[in-house]
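Note that the protein sequences, when read in sequence, are chains A and B.
Here this note's numbering is used: the first residue of the first sequence is 1, the next is one more, and so on.
Here this note's numbering is used: the first residue of the second sequence is 1, the next is one more, and so on.
Note that the Cβ used here is the ideal one computed from N, Cα and C, for glycine as well.
Computed from a predicted model, the values in this text were never measured in an experiment.
Single-structure report; data block below.
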Amino acid sequence: MQAKQYIGESWKHGILIVGAILVLLPFYMMVSMSLKSQQEIQSISGGLIGAQEVQTFPVCVKTGYSEETCTTKPYIYNYWFAFEKAPIPRYLMNGVIVTLSIFIIQVLVALPCAYALAKLRFYGREFVFSMVLFCLLIPVHGIALPLYVMLAQAGLVDTYSALILPWTISVFGIFLMRQFFMTVPDELIDAARMDGMGEYSIVWKVMLPTAIPALLAFAIFSVVAHWNDYFWPRMVITGNRDLFTPPLGIREFRGGIDSDEFGPMMASIVTVTVPLIVAFIIAQKRFIEGITLTGMK
Amino acid sequence: MHNSKAHIWFIAPAIILMIIILIFPLFLAGGISFTDYNLGNKSLEWIGLENYEKMFSRKTYVKMIWATATYVIVVVPISVVLGLCAAMLLNSLRFGADIYKTIFFLPVMATLLAMAIAWEFTLHPTLGIVNSFLANGCGGVREFILGFHWLPWVDSQQSWYHVACANNMDFPYWLKQKNTAIWTICFIGIWQAFGFNMVLYLAGLTGIPRELYHAAEMDGAKSTWEQFKLVTWPMLGPTTLFVVTITTIRTFQVFDTIEILTKGGPSKTTYVMMYAIFEKAIQQNLTSIGAAITVVFIGFILILTFFQRYIIEKRVHY
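Structure follows, in structure tokens:
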């Protein structure tokens, strides 16, 4: 019996390990290419990190740097040159600006609305709620074209506003917060009213603190979605490098796949991809919770 | 209760934004699709259904529907089944489940665009490790396994692997070839999506009470497969319905991998709807035809979700 169980267990691990290798393959390729020299990449040699021989990089010299600066180990060169070629910090900062603005505005709009839908009685409440339920069905990417036309007519293409505006309303956020507020006991709110608190202070001083766990999950959901989003920025940002979000940066690095050096290109891509992955590995449970949030009912 | 007018201020911003950002664009897209409007034009003319006629008669758009349908029909079932299998395997594991879970969830988290480029290099005919792995395996175990020589009806001299080896390592240019491009894109789609489904299924599995399995065993369902049929699968009904819907909606919206890897080619075999909207309306400035595609696209999604709601109300009660 014992032996049989071990065999069963090993089989499962065998299958899962093959799966894990397939899943990790592109990650391996990405990291490996960002560390190796061009020759090693082209001859597919050197394993994960390559030989790391000190050498002079011709593309670097051609760009106009001194021979001394260009003589170094491949991994240092790849990452250094990546930062020299493109304003990576700028792209990352744009990512932070856009995702944070989106999240903050989403909360500012959704939280009071959710509170009103859950805890206040007023004429038309049911109608507003069914409107929310209907809007849940509309994928914002699907209506990207009419949104683009509207923004173009308003002269907002190629601005931060274009990146942020369409995402300011999160019906999903309203729905989620409303479900959460339904579980908050009325007594808490009544007590706050007795103390003389107005409705505004109730929203921000009573409801907001109770909603922190749900908000955190929603934050991860929202930030991950918009940090990784490529379609929308690609639509509304046409050429202005100053407004590039990380994915637009990635697209730019890829540029000439046949002419360019691959090492620095992959180094840029790794740099842009890493922050989120590190955050995920540190706070895994919360991330999985947040991203599968749409699975909650 | 209370007589304040606070609620107006609470709901007004949300309502105004919903109308401007979500509801009005639906009508705008519908309106534009019946005209010959192009962005920047001063005037426009009503042309009725002409855009839609084009969509269902011109070869490009027929190919577009085909590519989208192929992608959705391949990616949804496979990623759902893989997600379920992975979840059940992990659930039955004694140790190490957390590590696999983290690994399988990585693609969901990682920037898809970056991973698409990583795949491009992994599958590159001369730089990629996939084709070099295949080339090094000629005549060996790899050829036997991946060439399906172990299947009784495969002639080992005629298998795709053997032929490629014999023809000077002529392995596929995965993303550049007409007969492989769409399948490669599908593969990346599945690679990215199944971890998400796995996590949803894991949550679903923890919701199944242990007693049900004991009861099933007493009723004579001894084997794992019988227990799966009797308990697990019916109990996961609501989860499955949800997973299928959300995967379908996401799959319909595939764009990143197409734009960066194939640009809809070769010969429009990967020309999916989101990419068509982008190419027509933004790059070629044919706004009205883009709007017509948008309308059809939204139509698909709405039908799908209503269908899901209908099933929820009718069937999936256990």
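Proximity winner among the options, relative to residue i (alpha-carbon distances)
{"i": "Ala51 (chain A)", "options": "A:Ser66, A:Glu68 and A:Pro74", "result": "A:Pro74"}
{"i": "Cys85 (chain B)", "options": "B:Leu112, B:Val72 and B:Met198", "result": "B:Met198"}
{"i": "Ala215 (chain B)", "options": "B:Leu200, B:Leu202 and B:Thr232", "result": "B:Thr232"}
{"i": "Phe194 (chain B)", "options": "B:Thr269, B:Gly137, B:Leu151 and B:Val243", "result": "B:Val243"}
{"i": "Thr56 (chain A)", "options": "A:Cys70, A:Gly46, A:Ile288 and A:Pro233", "result": "A:Cys70"}
{"i": "Glu9 (chain A)", "options": "B:Arg94, B:Cys138 and B:Ile289", "result": "B:Arg94"}
{"i": "Phe172 (chain A)", "options": "A:Gly142, A:Val203, A:Gly19 and A:Ala110", "result": "A:Ala110"}
{"i": "Ile250 (chain A)", "options": "B:Ala14, B:Ala116 and B:Met64", "result": "B:Ala116"}
{"i": "Ile103 (chain B)", "options": "A:Gln42, A:Ala20 and A:Tyr148", "result": "A:Ala20"}
{"i": "Ile188 (chain B)", "options": "B:Phe24, B:Thr262 and B:Tyr37", "result": "B:Thr262"}
{"i": "Ile88 (chain A)", "options": "A:Thr271, A:Val18, A:Glu67 and A:Pro275", "result": "A:Thr271"}
{"i": "Ala207 (chain A)", "options": "A:Pro185, A:Ser66 and A:Val31", "result": "Reading off the sequence, residue 207 (chain A) comes out as Met, not Ala. The option with the nearest alpha carbon to Met207 (chain A) is A:Pro185."}
{"i": "Ala6 (chain B)", "options": "A:Arg121, A:Met29 and A:Asn78", "result": "A:Arg121"}
{"i": "Phe180 (chain A)", "options": "A:Ser161, A:Pro112 and A:Ala144", "result": "A:Pro112"}
{"i": "Gly30 (chain B)", "options": "B:Phe148, B:Asn51 and B:Pro13", "result": "B:Asn51"}
{"i": "Gly207 (chain B)", "options": "B:Gln227, B:Phe24 and B:Pro238", "result": "B:Pro238"}
{"i": "Met266 (chain A)", "options": "A:Glu53, A:Arg178, A:Trp80 and A:Glu68", "result": "A:Trp80"}
{"i": "Gln192 (chain B)", "options": "B:Ser57, B:Ser79 and B:Met18", "result": "B:Ser79"}
{"i": "Pro209 (chain A)", "options": "A:Thr238, A:Asp229, A:Asp190 and A:Met177", "result": "A:Met177"}
{"i": "Thr292 (chain A)", "options": "B:Ile190, B:Pro234, B:Lys229 and B:Leu200", "result": "B:Leu200"}
{"i": "Tyr65 (chain A)", "options": "A:Val54, A:Glu53, A:Val23 and A:Lys85", "result": "A:Lys85"}
{"i": "Gly96 (chain B)", "options": "A:Leu137, A:Arg241, A:Ile138 and A:Leu16", "result": "A:Leu16"}
{"i": "Ile260 (chain B)", "options": "B:Thr248, B:Phe278 and B:Thr247", "result": "B:Phe278"}
{"i": "Phe133 (chain B)", "options": "B:Trp153, B:Leu230, B:Cys165 and B:Ile11", "result": "B:Cys165"}
{"i": "Asn179 (chain B)", "options": "B:Met218, B:Thr294 and B:Ala67", "result": "B:Ala67"}
Residue i, enclosing alpha helix (DSSP H) - first and last residue
{"i": "Cys70 (chain A)", "result": "No alpha helix (DSSP H) contains Cys70 (chain A), which DSSP labels as neither H nor E."}
{"i": "Gly173 (chain A)", "result": "Val171 to Met182"}
{"i": "Met18 (chain B)", "result": "Met18 (chain B) -> no alpha helix (DSSP H), and no H or E assigned at all."}
{"i": "Gly189 (chain B)", "result": "Ala181 to Thr206"}
{"i": "Ala116 (chain A)", "result": "Ile88 to Lys119"}
{"i": "Phe95 (chain B)", "result": "First-last for Phe95 (chain B): undefined, no H or E at that position."}
{"i": "Ala87 (chain B)", "result": "Lys59 to Asn91"}
{"i": "Pro146 (chain A)", "result": "Ala144 to Gln153"}
{"i": "Leu112 (chain B)", "result": "Leu112 to Thr122"}
{"i": "Val244 (chain B)", "result": "Gly237 to Phe252"}
{"i": "Ala215 (chain B)", "result": "Arg210 to Met218"}
{"i": "Leu188 (chain A)", "result": "Asp186 to Met194"}
{"i": "Ala283 (chain A)", "result": "That residue, Ala283 (chain A), is in no alpha helix (DSSP H); it is neither H nor E in DSSP."}
{"i": "Ile377 (chain B)", "result": "Past the edges of chain B, shown from 1 to 318, lies residue 377 (chain B), and the structure says nothing about it."}
{"i": "Val132 (chain A)", "result": "Arg125 to Cys135"}
{"i": "Ile164 (chain A)", "result": "Tyr160 to Ile164"}
{"i": "Trp225 (chain B)", "result": "Thr224 to Gln227"}
C-beta atoms of residue i and residue j nearer than 9 Å
{"i": "Val278 (chain A)", "j": "Leu100 (chain A)", "result": "no"}
{"i": "Ala82 (chain A)", "j": "Phe287 (chain A)", "result": "no"}
{"i": "Ala276 (chain B)", "j": "Ile269 (chain A)", "result": "no"}
{"i": "Phe134 (chain A)", "j": "Leu106 (chain B)", "result": "no"}
{"i": "Ile174 (chain A)", "j": "Ile102 (chain A)", "result": "no"}
{"i": "Ala118 (chain A)", "j": "Met182 (chain A)", "result": "yes"}
{"i": "Gly264 (chain B)", "j": "Val272 (chain B)", "result": "yes"}
{"i": "Ile258 (chain B)", "j": "Thr270 (chain B)", "result": "yes"}
{"i": "Leu205 (chain B)", "j": "Ala87 (chain B)", "result": "yes"}
{"i": "Met169 (chain B)", "j": "Cys138 (chain B)", "result": "yes"}
{"i": "Leu48 (chain A)", "j": "Val130 (chain B)", "result": "no"}
{"i": "Phe252 (chain B)", "j": "Phe300 (chain B)", "result": "yes"}
{"i": "Met150 (chain A)", "j": "Pro25 (chain B)", "result": "yes"}
{"i": "Gln308 (chain B)", "j": "Leu241 (chain B)", "result": "yes"}
{"i": "Trp227 (chain A)", "j": "Leu276 (chain A)", "result": "yes"}
{"i": "Leu17 (chain B)", "j": "Thr287 (chain B)", "result": "no"}
{"i": "Ala291 (chain B)", "j": "Leu145 (chain A)", "result": "yes"}
{"i": "Leu243 (chain A)", "j": "Asn94 (chain A)", "result": "yes"}
{"i": "Asp229 (chain A)", "j": "Pro247 (chain A)", "result": "yes"}
{"i": "Phe34 (chain B)", "j": "Gly48 (chain B)", "result": "yes"}
{"i": "Ser32 (chain A)", "j": "Glu53 (chain A)", "result": "no"}
{"i": "Phe297 (chain B)", "j": "Thr247 (chain B)", "result": "no"}
Beta-bridge pairing of residue i - partner residues as DSSP gives them
{"i": "Gln55 (chain A)", "result": "A:Thr72"}
{"i": "Trp46 (chain B)", "result": "B:Thr35"}
- Give, in chain order, every unbroken run of the alpha helix (DSSP H) that is at least 4 residues long and sits entirely within the segment 207-277 of chain A. Whole alpha helix (DSSP H) segments, 4+ residues: 212-228, 231-236 and 246-254.
- Query: Taking only runs of the beta strand (DSSP E) that begin and end inside the segment 267-304 of chain B, which ones reach a length of at least 3 residues, in chain order?
  - Reply: none
- In chain order, which alpha helix (DSSP H) runs of at least 4 residues are fully inside the segment 16-56 of chain A? 38-42
- Any alpha helix (DSSP H) of 4 or more consecutive residues that is wholly inside the segment 125-190 of chain B: 129-136, 141-146 and 160-166
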